[in-house]
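Structure record follows, encoded as structure tokens.
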Amino acid sequence: MKLSSFVEAGIYGLVARGAREPKGFEWHPPVAGRDVRSPCTGLNNLANHGFLPRSGKNIDIETLRVAVKAAFNYDPETFDFAFKQAVDFNLTTTGNPQTFNLDDLAKHDAIEFDGSLSRNDFYFGGNNNHFNPAIWASTAKYLKLYDYGPHKKDRYITVEAAAKARAARVKDAMKVNPAFNASEAQQMGSPGTTALYLTTMWDVDAGAAPKAWVRSFFEKERIPYLLGYKKSPKNSKSIGDMFEAIASVEV
Numbered sequence: 001m002k003l004s005s006f007v008e009a010g011i012y013g014l015v016a017r018g019a020r021e022p023k024g025f026e027w028h029p030p031v032a033g034r035d036v037r038s039p040c041t042g043l044n045n046l047a048n049h050g051f052l053p054r055s056g057k058n059i060d061i062e063t064l065r066v067a068v069k070a071a072f073n074y075d076p077e078t079f080d081f082a083f084k085q086a087v088d089f090n091l092t093t094t095g096n097p098q099t100f101n102l103d104d105l106a107k108h109d110a111i112e113f114d115g116s117l118s119r120n121d122f123y124f125g126g127n128n129n130h131f132n133p134a135i136w137a138s139t140a141k142y143l144k145l146y147d148y149g150p151h152k153k154d155r156y157i158t159v160e161a162a163a164k165a166r167a168a169r170v171k172d173a174m175k176v177n178p179a180f181n182a183s184e185a186q187q188m189g190s191p192g193t194t195a196l197y198l199t200t201m202w203d204v205d206a207g208a209a210p211k212a213w214v215r216s217f218f219e220k221e222r223i224p225y226l227l228g229y230k231k232s233p234k235n236s237k238s239i240g241d242m243f244e245a246i247a248s249v250e251v
């Protein structure tokens, strides 16, 4: 069953009654021609709320540590490895090797890879950095993201559903992209990004990720505070455990 936006808003409005965005960290979309964003939805969420510089520029490791703790309740050092990757791959264009701009991360086959859940492959015009509605529509269909049945569980994404949707999206990309690169980065990064968004959007009480939260996270690049988002404690082990759970699903 596919609900109208009005009915859906009513359902989630009840859940999130009284919810507020953190003062001083309200969501604002990036300013075209001034602000930059990345292929990484999570980092874009942080910048859109001001946990990272809203410009998306000159981000250092301490700023990243403070941001992931304040916004998502990750241990501050959780993403030090990702920052180190950006440094090691020499992706920065800031002039300072200890900082990067968000759009530096779009360099193909460094951290970015083919088969993204929400971006088109670099092969198709080089725009692997921006949200692609058609690609996301395919992923959302596999996730049954806009379908709500009569049961509470129909409002959530399970590990199994997310794992199968990821695999289906990669298969689609491989069919249409003759230059698809099944590199080590792709084979680890693809399930890794699914593990990351599930861990970040996970509702501990439900044991799944609310569809409404995931939609906000990807489609608006907005942390779903207004939808009742709960910042449960998380760390690198949380992501690793989720990765293993995804990898164990038969697809």
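If you read the sequence shown in UniProt numbering, its first letter stands for residue 1, the second for the next number, and so on. From the three backbone atoms N, C-alpha and C, an ideal C-beta is built for every residue, glycine too.
Minimum Cα-Cα distance from Leu102 among the listed residues Ser190, Pro53, Ala173, Glu244 corresponds to Pro53.
Take the alpha-carbon of Lys84 and the one of His151: they are about 44 Å apart. If you look at Asn44, you'll find it in the alpha helix (DSSP H) that goes 41-49.
The three-state secondary structure of Glu112, taken from DSSP, is strand. Phe100 sits in a strand when the DSSP states are folded into three classes. For Tyr197, the secondary structure class from DSSP, reduced to helix, strand or coil, is helix. Excluding its 5 nearest sequence neighbours in each direction, Glu21 has C-beta neighbours in its own chain below 7 Å: Trp27, Tyr225, Leu226, listed in chain order.
The region 171-178 makes no contact with the region 218-238; the number of CB pairs closer than 8 Å stays below 3. In terms of Cβ geometry, Asp114 and Asn177 form a close pair [threshold 8 Å]. Within 10 angstroms of the beta-carbon of Pro39 lie 16 or more other beta-carbons, which makes it buried.
Each residue's CA atom was taken as its position, placing Ala161 and Lys141 some 11 Å apart.
Going by C-alpha positions, Ile223 is about 19 Å away from Pro133. Secondary structure in the region 148-235: the alpha helix (DSSP H) runs of 4 residues or longer, each lying completely within the stretch, are 159-176, 184-201, 211-215 in chain order.
Just so you know, the alpha carbons of Thr41 and Val251 end up roughly 24 Å apart.
Rounded to whole angstroms, Phe243 and Ala32 show a C-alpha spacing of 35 Å. For Arg166 against Ser190, the beta-carbon gap comes to about 6 Å, under 8 Å, which counts as contact.
Per DSSP, Lys57 lies in no alpha helix (DSSP H) segment and is marked neither H nor E.
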